[in-house]
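Numbering (the numbering used here), first residue to last: 1033 to 1221.
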């Protein structure tokens, strides 16, 4: 029997839920998934990124549920490294071969690629998304992702798309949090 889903995830098919139930490692590209894809550079070339706190809360909830979380991004970014540190997640920054990186993470964690979800938005993510157990793209991902993703979120990148994936994983594994008093979920988002 499929787990009860929160209203915003109602109507998902059994195959997607089965894939989500197997996930032990949730990986996220950064630019175009955890951010809206825009790059802000100041006059000295310092980069700024905007991350959504709802996405951060979802990543914290995954960790608390025992699901490993990793950023896997090709772009060298101090902002992404800092955000990963704040959330207590693994950061693989400046990765040229995302599939090899995720395979190495699987070996380190003693799990198979079929237990990995990967959220990506464009061509650099295709190889790892084709190999993993659950490939997810934000609603506004590049059109090339339509044939690669098992599921596209309703939310856009940097505006809750990652949280939708987190909610799906938690719900499919029977770990979606009940509404609780403030502070009950803890953790910095």
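Think of the CB as a built atom: it goes at the ideal place given N, C-alpha and C, for glycine as much as any other residue.
All figures in this text were calculated on a predicted structure; none of them were measured in a lab.
With contacts defined as CB atoms closer than 8 Å, residue 1083 and residue 1151 fail to qualify as a contacting pair. Taking C-beta separations shorter than 7 Å and ignoring five residues to either side along the sequence, the partners of residue 1204 in its chain run 1035, 1049, 1052, 1053, following chain order. Runs of alpha helix (DSSP H) with 4 or more residues, each lying fully within the stretch 1033-1075, are found at 1046-1053, listed in chain order.
In the structure shown, residue 1082 falls within a coil segment according to DSSP collapsed to helix, strand and coil. By the C-beta density criterion, residue 1115 is buried, having at least 16 other C-beta atoms within 10 angstroms. In the structure shown, residue 1092 falls within a helical segment according to DSSP collapsed to helix, strand and coil. For residue 1161, no beta strand (DSSP E) run applies; the uninterrupted alpha helix (DSSP H) run containing it begins and ends at 1158-1163, by DSSP. In the structure shown, the three-state DSSP call for residue 1125 is strand.
With 16 or more other Cβ atoms inside 10 Å of its own Cβ, residue 1192 counts as buried.
Assignment of residue 1107 by DSSP, reduced to helix, strand and coil, places it in the coil class. The Cβ atoms of residue 1164 and residue 1090 lie no closer than 8 Å to each other.
The beta carbon of residue 1144 sits closer than 7 Å to those of 1138, all from its chain and outside the five residues before and after it, given in chain order. Per DSSP, the unbroken alpha helix (DSSP H) holding residue 1132 starts and ends at 1130-1141.
The DSSP-derived three-state label of residue 1102 is strand. Between the alpha carbons of residue 1206 and residue 1097 lies a distance of about 10 Å. Distance between residue 1105 and residue 1063, taken at the CA atoms: about 8 Å.
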